[in-house]
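Participant:
Protein chains: 2
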Amino acid sequence: MKSYENAKVLITGGLGFIGSNLARTLVAKGADVTLVDSLIPQYGGNAFNIEDIRQRVTVNVCDVRDAFAMAYLIQGKDYLFNLAGQTSHLDSMTDPQTDLDINAAAQLSILETCRKANPGIKIVFASTRQLYGRPDYLPVDEDHPVRPVDVNGINKLAGEWYHLLYNNVYGIRACALRLTNTYGPGMRVKDARQTFLGIWIRNLIEGKPLQVFGDGAQLRDFNYVDDVVEALLVAALSEMADGQVFNLGSSEIVGLKQLAQMLVEQQPGGSYQLVSFPADRKVIDIGDYYSDFNKIRQALGWEPKTPLKQGLQKSLAYYAQHHKQYWDADK
Amino acid sequence: MKSYENAKVLITGGLGFIGSNLARTLVAKGADVTLVDSLIPQYGGNAFNIEDIRQRVTVNVCDVRDAFAMAYLIQGKDYLFNLAGQTSHLDSMTDPQTDLDINAAAQLSILETCRKANPGIKIVFASTRQLYGRPDYLPVDEDHPVRPVDVNGINKLAGEWYHLLYNNVYGIRACALRLTNTYGPGMRVKDARQTFLGIWIRNLIEGKPLQVFGDGAQLRDFNYVDDVVEALLVAALSEMADGQVFNLGSSEIVGLKQLAQMLVEQQPGGSYQLVSFPADRKVIDIGDYYSDFNKIRQALGWEPKTPLKQGLQKSLAYYAQHHKQYWDADK
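So the sequences go chain by chain: A and B. Quick note, the first sequence lines up with residues 1 to 331 if you use our numbering. Quick note, the second sequence lines up with residues 332 to 662 if you use our numbering.
(1) Answer yes if the stretch 241–255 of chain A comes into contact with the stretch 277–294 of chain A, meaning at least three C-beta pairs across the two stretches below 8 Å, and no otherwise.
(2) In whole angstroms, what separates the C-alpha of residue 342(B) from that of residue 367(B)?
(3) Do residue 604(B) and residue 540(B) have their C-beta atoms closer together than 8 Å?
(4) If you compare alpha carbons, which of 373(B), 445(B) and 378(B) is closest to residue 416(B)?
(5) Starting from residue 112(A), find everything on chain B with Cβ-Cβ shorter than 7 Å and list it in chain order.
(6) So does the stretch 446–455 of chain B actually touch the stretch 396–416 of chain B, counting three or more Cβ pairs closer than 8 Å?
(7) How many Å lie between residue 389(A) and residue 156(A) at the Cα?
(8) Using a beta-carbon distance below 8 Å, is residue 486(B) in contact with chain A?
(9) If you measure beta-carbon to beta-carbon, which residues of the stretch 485–513 of chain B are closer than 8 Å to chain A?
(10) What residue range is occupied by the uninterrupted beta strand (DSSP E) comprising residue 455(B)?
(11) Grouping DSSP H, G and I as helix and E and B as strand, with all else coil, what is residue 62(A)?
(12) Less than 8 Å between the C-beta atoms of residue 503(B) and residue 444(B), yes or no?
(13) Spell out whether any CB of chain B is found under 8 Å from the CB atom of residue 227(A).
(14) Are residue 658(B) and residue 521(B) closer than 8 Å when you measure CB to CB?
(15) On the DSSP bridge assignment, give the partners of residue 174(A) in chain order.
(16) Of the choices 27(A), 240(A) and 61(A), whose alpha-carbon is the least far from that of residue 40(A)?
(17) Start and end of the beta strand (DSSP E) containing residue 586(B)?
(18) If you measure beta-carbon to beta-carbon, which residues of the stretch 567–591 of chain B are closer than 7 Å to chain A?
(19) Taking C-alpha atoms, which residue in 321(A), 324(A), 312(A) and 281(A) lies nearest to residue 332(A)?
(20) To the nearest angstrom, report how far apart residue 132(A) and residue 592(B) are at their CA atoms.
(21) Can you pull the chain A residues whose beta carbon is under 8 Å from the beta carbon of residue 481(B), in chain order?
(22) Can you give me the Cβ contacts of residue 383(B) inside the same chain, cut-off strictly under 8 Å, excluding the 5 residues immediately before and after it?
(23) Span of the alpha helix (DSSP H) holding residue 403(B)?
(24) How close, in whole Å, do the beta carbons of residue 458(B) and residue 496(B) come, if the pair is a contact with beta carbons under 8 Å?
(25) Using the beta-carbon count (16 or more within 10 Å), is residue 606(B) buried or exposed?
(26) Helix, strand or coil, according to DSSP, for residue 644(B) in the structure here?
(27) For residue 518(B), which of 381(B), 616(B) and 336(B) has the nearest alpha-carbon?
(28) Find the residues of chain A that neighbour residue 476(B), judging by a C-beta separation of less than 7 Å, and give them in chain order.
(29) Quick one: Cα of residue 58(A) to Cα of residue 33(A), how far?
(30) Go ahead and pull the three-state DSSP assignment for residue 304(B).
(31) Just tell me which of 348(B), 528(B), 501(B) and 428(B) has its CA closest to the CA of residue 159(A).
(32) With distances taken Cα to Cα, identify the nearest neighbour of residue 68(A) among 230(A), 240(A), 117(A) and 304(A).
(33) Which value, in whole angstroms, describes the spacing of the CA atoms of residue 236(A) and residue 197(A)?
(34) Under a three-way DSSP split, which group does residue 208(A) fall into?
(35) Considering just the uninterrupted stretch of the alpha helix (DSSP H) at residue 628(B), what are its terminal residues?
(36) Could you tell me which residues DSSP puts in a beta bridge with residue 34(A)?
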């Protein structure tokens, strides 16, 4: 991938989990990287995520809802990795308007800015498997009906479709990756707002049992963050991706109880317990889910490379070392 | 339908085309009807639409984006016919944020108000066949993938899904009707913002040729407004409708050139001409479209009753008599 050398790259959500890992790789490839992040405490941004590359990137703290700031930052960029979002399903139900403002309205505003001020930019949008809702069949491919089960899913879908529409109607090159469960160093582990794996890892390191909801039989697939970064990078460079939606996914399908078992085996004294489903989560639970990712494999040659066990080991090792940067033991 | 007697009914878009016809029927059934309309000049509201029932309804001029006004108006209502919307596909592309505010954000706000202040209300939402995009197959049933081709389609879909979500998660009873081309007395005929049939009828009455885009071979189905009103009324009363989406449609499928021919035959001196597709319309054109409406026929017993020719006659007769209330001949 020579093309990122000296490329001007903007990453929204750049201090977040995936954005910071993407930034690290892009810096290594010689790109000129600007990171936008709102640093809203409940979201994924954490300045420590980029401490090792802090002198090699430009950081601009602002919200993607700040249309004037975004218009300035979008100028002259070659690539936009559009990763910022409100990701909590529960928060989207208690404060739906904020979710709409960030995940739909701000996306539309960003695209309008690109249309008016930088139509040559290439955009990769981070979408989510959440918008398939409860699957009709498994594995879920891109032809599966979309059927969001929460406000977050509806707004993310609107945000994704604005991108495809601007590609199709205005030629603003854009594509969307529908991410499944992504994990790895840099994820939010303070609580379960970003992924339940986060709080599991915190609990494990703090010597508390992991809590598995229900019988733990629900199936999921997981991508280690390095593999997701690779997918973002190949999608941005490929003309074949323009106007397309691609699932990410993994061939390693595991039950949540099985995943908990894999984790606790890696931590002396680790344990998990099955607890009944909290009512507010049960109502938006989607049952089993795993992706068919043949489309991106065939079109862009992407497939995940990191075995789940290895990815979990790396993640645990990272948080064992750096946990003070991710949570306050007193809270 | 006894159940509307003394029922407290709120209609958003109540001075508009479908809202005003619905209001007339509800008043005749003894309902206590409140009409909300923004009267934005570019939209469908027209006070003349309800002149004959003005003393029998409550009119409240305000915008559905006015959350406090809506919260007051929703209190104590039994039924909400939620018909207000920005309907122009072209306007949604030139001013996407306004389309989002009305068709998505205001809908979410209305549903939040219902959840907090009137969870027992029943809502019927007017959705659109536009969100199927360019059909994969015909006739289009409710299982057809949704694939909006413009900003309006994306935002209308979000608005529809919020309704279904609030039904499924919170038990706020709601359903959505996906309307196809609706026509009849009360539609906007000043221009093509609401339906191309509007400007066709104006042109016909003004003695100008109708303009048919392209070769006029595109197939469409049409519902006379009385049939749509009937569908709204049965959907509101039926528990089987809760949480469901239903297509409306017609078994009379016609090409646009054929439709123009039907219209001009009813007006002495009427004529039409084929003109090439304007670029801004071509890019969001969806080709042939007609609906499969078996789902609502089987679940609610609805089917359209007004033959196209008869509906067109009634529409032409209405505007021949009342055109001064719908357009200024000098503009």
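We put the CB at the ideal spot given by N, CA and C, even for glycine.
Facilitator: With the structure as the only source:
(1) Yes, the stretch 277–294 of chain A touches the stretch 241–255 of chain A.
(2) Roughly 6 Å between the two C-alpha positions.
(3) One thing to note: residue 604(B) has its Cβ within 8 Å of the Cβ of residue 540(B).
(4) Nearest C-alpha to residue 416(B): 373(B).
(5) Chain B residues near residue 112(A): 427.
(6) Two segments are said to touch when three or more pairs of C-beta atoms, one from each, lie closer than 8 Å; by this definition the stretch 446–455 of chain B touches the stretch 396–416 of chain B.
(7) Nothing about residue 389(A) can be read from this structure; chain A reaches only from 1 to 331.
(8) Among the residues facing chain A, residue 486(B) is included, as its CB has a counterpart in that chain under 8 Å away.
(9) Here the close residues are 485, 486, 488, 489, 492, 493, 496, 499 and 500.
(10) Judged by DSSP secondary structure, residue 455(B) falls within the beta strand (DSSP E) whose first and last residues are 453–459.
(11) Residue 62(A) sits in coil when the DSSP states are folded into three classes, being neither helix nor strand.
(12) At a Cβ-Cβ threshold of 8 Å, residue 503(B) and residue 444(B) do not count as neighbours.
(13) It does not: the Cβ of residue 227(A) has no partner Cβ on chain B nearer than 8 Å.
(14) Closer than 8 Å, so yes.
(15) In the DSSP output, where bridge partners are listed per residue, residue 174(A) has 123(A).
(16) Looking only at 27(A), 240(A) and 61(A), the smallest Cα-Cα distance to residue 40(A) is reached by 61(A).
(17) Segment 584–586, the beta strand (DSSP E) holding residue 586(B).
(18) Listed in sequence order: no entries.
(19) Any question about residue 332(A) goes unanswered here, given that chain A covers just 1 to 331.
(20) If you take the alpha carbons of residue 132(A) and residue 592(B), they lie about 44 Å apart.
(21) Within chain A, the residues near residue 481(B) are 165 and 169.
(22) Beyond the five residues adjoining it in sequence on each side, residue 383(B) comes within less than 8 Å, by CB distance, of 355 in the same chain, given in chain order.
(23) Taken as a continuous stretch (DSSP letters only), the alpha helix (DSSP H) holding residue 403(B) covers 398–405.
(24) Incorrect: roughly 14 Å between the Cβ atoms, too far for contact.
(25) Around the beta carbon of residue 606(B), fewer than 16 other beta carbons sit within 10 angstroms, so the residue counts as exposed.
(26) The answer is helix: DSSP assigns residue 644(B) an H, G or I state.
(27) The residue among 381(B), 616(B) and 336(B) with its C-alpha nearest the C-alpha of residue 518(B) is 381(B).
(28) Chain A residues near residue 476(B): 145.
(29) Those two C-alpha atoms are separated by around 6 Å.
(30) Outside the shown range of chain B, which is 332 to 662, sits residue 304(B), and nothing can be said about it.
(31) Looking at the Cα atoms, 428(B) is the closest of the given residues.
(32) Residue 68(A) has its Cα closest to that of 117(A), out of 230(A), 240(A), 117(A) and 304(A).
(33) Taking the straight line from one Cα to the other gives about 28 Å.
(34) DSSP places residue 208(A) in coil when its eight states are reduced to three.
(35) Here the alpha helix (DSSP H) through residue 628(B) covers 625–631.
(36) Residue pairing for residue 34(A): DSSP places it in a beta bridge opposite 10(A) and 58(A).
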